[in-house]
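Asks: Please read through the structure below; I'll follow up with questions.
There are 2 protein chains.
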Amino acid sequence: MATSKIPHATAKRLPIYYRYLHFLSDAGKQRVSSTELADAVKVDSATIRRDFSYFGALGKRGYGYDVESLLAFFKKTLNQDKLTNVALVGVGNLGHALLNYNFHQSNNVRISAAFDIKEDITGTIQSGVPVYHMNDMKEQLSVQQIEIVILTVPAKVAQEVTNELVEVGVKGILNFTPLRITVPDTVRVQNVDLTNELQTLIYFLDKFGKQDENKLG
Amino acid sequence: MATSKIPHATAKRLPIYYRYLHFLSDAGKQRVSSTELADAVKVDSATIRRDFSYFGALGKRGYGYDVESLLAFFKKTLNQDKLTNVALVGVGNLGHALLNYNFHQSNNVRISAAFDIKEDITGTIQSGVPVYHMNDMKEQLSVQQIEIVILTVPAKVAQEVTNELVEVGVKGILNFTPLRITVPDTVRVQNVDLTNELQTLIYFLDKFGKQDENKLG
DNA sequence: TCAAACTTGTTATTATTGTAACATAGACTC
DNA sequence: GAGTCTATGTTACAATAATAACAAGTTTGA
Numbered sequence: 001m002a003t004s005k006i007p008h009a010t011a012k013r014l015p016i017y018y019r020y021l022h023f024l025s026d027a028g029k030q031r032v033s034s035t036e037l038a039d040a041v042k043v044d045s046a047t048i049r050r051d052f053s054y055f056g057a058l059g060k061r062g063y064g065y066d067v068e069s070l071l072a073f074f075k076k077t078l079n080q081d082k083l084t085n086v087a088l089v090g091v092g093n094l095g096h097a098l099l100n101y102n103f104h105q106s107n108n109v110r111i112s113a114a115f116d117i118k119e120d121i122t123g124t125i126q127s128g129v130p131v132y133h134m135n136d137m138k139e140q141l142s143v144q145q146i147e148i149v150i151l152t153v154p155a156k157v158a159q160e161v162t163n164e165l166v167e168v169g170v171k172g173i174l175n176f177t178p179l180r181i182t183v184p185d186t187v188r189v190q191n192v193d194l195t196n197e198l199q200t201l202i203y204f205l206d207k208f209g210k211q212d213e214n215k216l217g
Numbered sequence: 001m002a003t004s005k006i007p008h009a010t011a012k013r014l015p016i017y018y019r020y021l022h023f024l025s026d027a028g029k030q031r032v033s034s035t036e037l038a039d040a041v042k043v044d045s046a047t048i049r050r051d052f053s054y055f056g057a058l059g060k061r062g063y064g065y066d067v068e069s070l071l072a073f074f075k076k077t078l079n080q081d082k083l084t085n086v087a088l089v090g091v092g093n094l095g096h097a098l099l100n101y102n103f104h105q106s107n108n109v110r111i112s113a114a115f116d117i118k119e120d121i122t123g124t125i126q127s128g129v130p131v132y133h134m135n136d137m138k139e140q141l142s143v144q145q146i147e148i149v150i151l152t153v154p155a156k157v158a159q160e161v162t163n164e165l166v167e168v169g170v171k172g173i174l175n176f177t178p179l180r181i182t183v184p185d186t187v188r189v190q191n192v193d194l195t196n197e198l199q200t201l202i203y204f205l206d207k208f209g210k211q212d213e214n215k216l217g
């Protein structure tokens, strides 16, 4: 099974499938078809079947997919079975909200440290997460062996902070700043650009006002 | 010029270009090349030239692009020259952060109303935005003629609230809930799935962890 | 048990997106 | 002002992604 050749587009959909399977499982459902899934997650059923097929034959013809076993499979594939510690850098407006955010609804992610320069919050615990001063960031990240960071600092210091993160071996950055940060090939950046999302929405509404489908996220 | 045939992928990049042009303009720069832009926004220079070319010949061979005129062009194209009112539905953790968020750094977006069911905040003004009760949502959206909504309600009421939004003519929804909401073809949904982004990042790190296959973005 | 009804997994096809290459218009040098 | 250099706009190509179509197992019901 060549799981190292999963297309990017497919990989991005996996967590969506996983979440819905979880929902089905909680609801006590035993089987599900690609058509049913398609309707729920708004992805074409053929695309779903194709996505699944990269991992082998997970379903049964004429029957569909067994919810529990599919769930179990994805749980493992998506590393939902082990805890991943992440850090949050920049406890401003958005950063603070993310400390409270239910990333852990999936139970496999925990924000175990936060960093900021504001003296009034450093040394305190915010939403259950200890906030350290940025001066201690490199040390703490090393000690705690954290490889994934949520970056919510002001744009003007984004690159500078990123360089520090790279220095201590951070491998993945969830970048909420509007800046496209520069990193080595060994580091993966996932951009979440809120302004961009909204502007794109506005652009499409104005240009194509009425028609056109809506897909993608 | 056929601006109605702009590829989706291109449209999503336009705000990124715009923002960087704004930065260049503020820095007093007069000209910029596609290569320089490419480096800053992490998009291949050929892709940038191609993106621009959909709008006609915006640059000069052997020179590059004039920052001010390009900025002016995009300002118009992206409707940055007129104010768009949006509403925020669901003033929880994330919703509250977004009320403070600098969407308006670009000056063309204003959150002019927020809605929630929590009695302790309805009727108050949060971060400069009046918070109404959900019971008044349909009326206010109609009166204020708001067509774009930021949806930050709990997943379990997402579809129900969406239906109401659709009823009063909302045309665009920036969906922060993990649910893939169902809407008519006339409504555009842009999903911002924070858990998904993080999980995808974790997936890629674990699969291609060390330094295997490098680029995917 | 058999046939009709399902639904997968896969193959073939089409659409979209990205990248490379380069002829050419224009800028710049001396 | 002639020649060199630069960087666009575009064309050709390659890679990725989505969709359609269907043969082949399974289930289901009579």
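Going down the list, the sequences are from chains U and Y.
Just so we're aligned, residue 1 is where the first sequence starts under UniProt numbering, counting upward by one.
Just so we're aligned, residue 1 is where the second sequence starts under UniProt numbering, counting upward by one.
Where is the CB? At the ideal position from N, CA and C, for every residue including glycine.
Fair warning: this is a prediction, and the values are worked out from it, not measured in the lab.
Going by other Cβ atoms of all chains shown within 10 Å of its Cβ, with 16 needed for buried, is G62 of chain Y buried or exposed?
Replies: It is exposed - the Cβ of G62 of chain Y has fewer than 16 other Cβ atoms within 10 Å.
Asks: So, does the stretch 85-98 of chain U touch the stretch 106-122 of chain U, judging by three or more C-beta pairs under 8 Å?
Replies: The stretch 85-98 of chain U, when compared against the stretch 106-122 of chain U, does touch it at the 8 Å Cβ threshold.
Asks: Establish whether the CB of G172 of chain U and some CB of chain Y are separated by less than 8 Å.
Replies: Closer than 8 Å: yes.
Asks: Apply the 10 Å Cβ neighbour rule to K12 of chain U and answer buried if 16 or more other Cβ atoms are within range, or exposed otherwise.
Replies: The residue in question, K12 of chain U, is buried, as its Cβ has 16 or more Cβ neighbours within 10 Å.
Asks: So, at 8 Å on beta carbons, what are the nonlocal neighbours of Q80 of chain U in its own chain, with the 5 sequence-adjacent residues on each side left out?
Replies: Correct list, in chain order: Y18, F74, S106, N107, N108.
Asks: So the candidates are U:G56, U:S53, U:I16; which of them puts its Cα closest to the Cα of A38 of chain U?
Replies: That would be U:I16, whose Cα lies nearest to the Cα of A38 of chain U.
Asks: For T200 of chain Y, go through chain U and note every residue whose CB falls closer than 8 Å to its CB, in chain order.
Replies: Going along chain U in sequence order, the residues near T200 of chain Y (Cβ under 8 Å) are A11, K12, L14, P15, Q190.
Asks: Looking only at C-alpha atoms, which of U:A57, U:T152, U:M134 sits nearest to H96 of chain U?
Replies: With distances taken between Cα atoms, H96 of chain U lies closest to U:T152.
Asks: Under 8 Å between the Cβ atoms of N100 of chain Y and S142 of chain Y?
Replies: Not a contact, by the Cβ cut-off of 8 Å.
Asks: Could you give the DSSP three-state label for K171 of chain Y: helix, strand or coil?
Replies: K171 of chain Y falls in the coil class under three-state DSSP.
Asks: What residue range is occupied by the uninterrupted alpha helix (DSSP H) comprising V183 of chain Y?
Replies: That residue, V183 of chain Y, is in no alpha helix (DSSP H); it is neither H nor E in DSSP.
Asks: Quick one: what's got a C-beta closer than 8 Å to A155 of chain Y's C-beta in the same chain, skipping five residues either side?
Replies: Around A155 of chain Y: T177, P178, L179.
Asks: Out of U:K42, U:R188, U:A9, point me to the one whose CA is closest to D185 of chain Y's CA.
Replies: Measuring from the Cα of D185 of chain Y, the nearest candidate turns out to be U:K42.
Asks: Roughly how many angstroms lie between the CA atoms of G64 of chain U and L14 of chain U, to the nearest whole one?
Replies: Roughly 18 Å between the two C-alpha positions.
Asks: Does DSSP put A113 of chain U in a helix, a strand or coil?
Replies: Reduced to three states, the DSSP call for A113 of chain U is strand.
Asks: What separation, rounded to the nearest whole angstrom, lies between the Cα atoms of N196 of chain Y and L94 of chain U?
Replies: Cα to Cα, the separation comes out at about 17 Å.
Asks: Sort Y:R188, Y:F52, Y:L71 by Cα distance to K5 of chain Y and report the nearest one.
Replies: Nearest C-alpha to K5 of chain Y: Y:F52.
Asks: H133 of chain Y: which of Y:L58, Y:K60, Y:Q144, Y:K118 sits nearest, CA to CA?
Replies: Considering only alpha carbons, the answer is Y:K118.
Asks: Which residue from Y:V168, Y:L201, Y:L71, Y:V161 puts its Cα closest to that of R188 of chain U?
Replies: The option with the nearest alpha carbon to R188 of chain U is Y:L201.
Asks: Locate the alpha helix (DSSP H) running through N102 of chain Y, then write down its first and last residues.
Replies: Run containing N102 of chain Y: none; DSSP gives neither H nor E here.
Asks: Put D206 of chain Y into one of helix, strand or coil per three-state DSSP.
Replies: Note: D206 of chain Y maps to helix in three-state DSSP.
Asks: Could you spell out the range, first to last residue, of the alpha helix (DSSP H) harbouring V143 of chain Y?
Replies: Counting along the chain, the alpha helix (DSSP H) containing V143 of chain Y begins and ends at 137-143.
Asks: Would I148 of chain U pass as an interface residue toward chain Y - the criterion being a Cβ-Cβ separation below 8 Å?
Replies: So, interface residue.
Asks: What are the boundary residues of the alpha helix (DSSP H) that includes V43 of chain Y?
Replies: Where V43 of chain Y is concerned, there is no enclosing alpha helix (DSSP H), given that its DSSP letter is neither H nor E.
Asks: Compare the beta carbon distance of T162 of chain U and V129 of chain U with 8 Å and say whether it is the shorter of the two.
Replies: Contact: no.
Asks: Just tell me which of U:V168, U:K76, U:L58, U:L165 has its CA closest to the CA of S34 of chain U.
Replies: The option with the nearest alpha carbon to S34 of chain U is U:L58.
Asks: Run through chain U and tell me which residues come within less than 9 Å of E119 of chain Y, C-beta to C-beta.
Replies: Within 9 Å Cβ-Cβ: nothing; E119 of chain Y doesn't reach chain U, min ~21 Å.
Asks: Chain Y beta carbons: is any one of them nearer than 8 Å to that of K42 of chain U?
Replies: Judged by the 8 Å Cβ criterion, K42 of chain U is in contact with chain Y.
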